[in-house]
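Participant: The following block contains the structure, expressed as structure tokens.
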Amino acid sequence: KEYAHLDMALINSADARQLDRYAQRLSEIYEMPPVLRRKDVSETVSGPLALLNAVFATGRKGLTMQRYKGLGEMNAEQLWETTLDPNVRSLLQVKVNDATDADSLFSRLMGDEVEPRREFIQDNALSVANLDI
């Protein structure tokens, strides 16, 4: 069984309203457990989340994921492929008009003190639209 905690913000969200509109069709689809077939492998899925997890698991086969805390942890080849190669990198200019604000923001995000950075991340985590991990 799958359990999830739903708060009122989620229940009243646009996504929840959209899902509610699809509820009848979803109940018809999942009345009999659907089977996900790929090549010679079949897998019964118990619901939308199980289907999503199965699709992601299939997509990750043969891949290796690595995470780094900073660029200094990468070897030279990885640094070139992910950051330095001018044919694939993206550079975005960020403008902060007030020098005091710019210094404060830079210190918060890049400074030696961890706590201000942690607070910034926690305060802004739910409003992130794009995240490069």
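First residue of the sequence shown? That's 5 in our numbering, and the numbers climb one at a time after it. In this text, a Cβ means the ideal position worked out from N, Cα and C, and glycines have one as well. None of these values were measured; they are calculated from a predicted model.
(1) Below 8 Å on the Cβ atoms is my contact criterion, and I expect Leu-30 with Pro-52 to pass it. Report the Cβ-Cβ distance as a whole number of Å.
(2) Determine the closest residue to Arg-121 out of Ser-131, Arg-71 and Ser-108, with distance taken between C-alpha atoms.
(3) Thr-87 and Leu-75 - do their beta-carbons sit closer together than 8 Å?
(4) Taking only the alpha-carbon atoms, compute the straight-line gap between Lys-99 and Ala-106 and give it to the nearest angstrom.
(5) Which of the three DSSP states, helix, strand or coil, is assigned to Thr-87?
(6) In the DSSP assignment, find the alpha helix (DSSP H) that holds Leu-93 and state where it starts and stops.
(7) Using the three-state DSSP reduction, which class does Arg-41 fall into: helix, strand or coil?
Facilitator: Let's see:
(1) If you number the sequence shown from 1, residue 30 lands on position 26. If you number the sequence shown from 1, residue 52 lands on position 48. Indeed they touch by this definition, with Cβ atoms about 7 Å apart.
(2) For the purposes of this step, residue 121 is taken as the residue at position 117 of the sequence shown. The option with the nearest alpha carbon to Arg-121 is Ser-108.
(3) In the sequence shown, counting from the first residue as 1, residue 75 sits at position 71. In the sequence shown, counting from the first residue as 1, residue 87 sits at position 83. Their beta carbons are under 8 Å apart, which means Leu-75 touches Thr-87 by this criterion.
(4) By 1-based counting over the sequence shown, the position of residue 99 is 95. By 1-based counting over the sequence shown, the position of residue 106 is 102. So the two alpha carbons sit approximately 8 Å from each other.
(5) For the purposes of this step, residue 87 is taken as the residue at position 83 of the sequence shown. Of the three classes helix, strand and coil, the one that applies to Thr-87 here is helix, per DSSP.
(6) Reading the sequence shown from its first residue, position 89 is the one you call residue 93. The amino acid occupying residue 93 in the given sequence is Arg; Leu does not appear at that position. Element bounds for Arg-93: n/a, residue is neither H nor E.
(7) In the sequence shown, counting from the first residue as 1, residue 41 sits at position 37. Residue state for Arg-41 is assigned as strand, using DSSP reduced to three classes.
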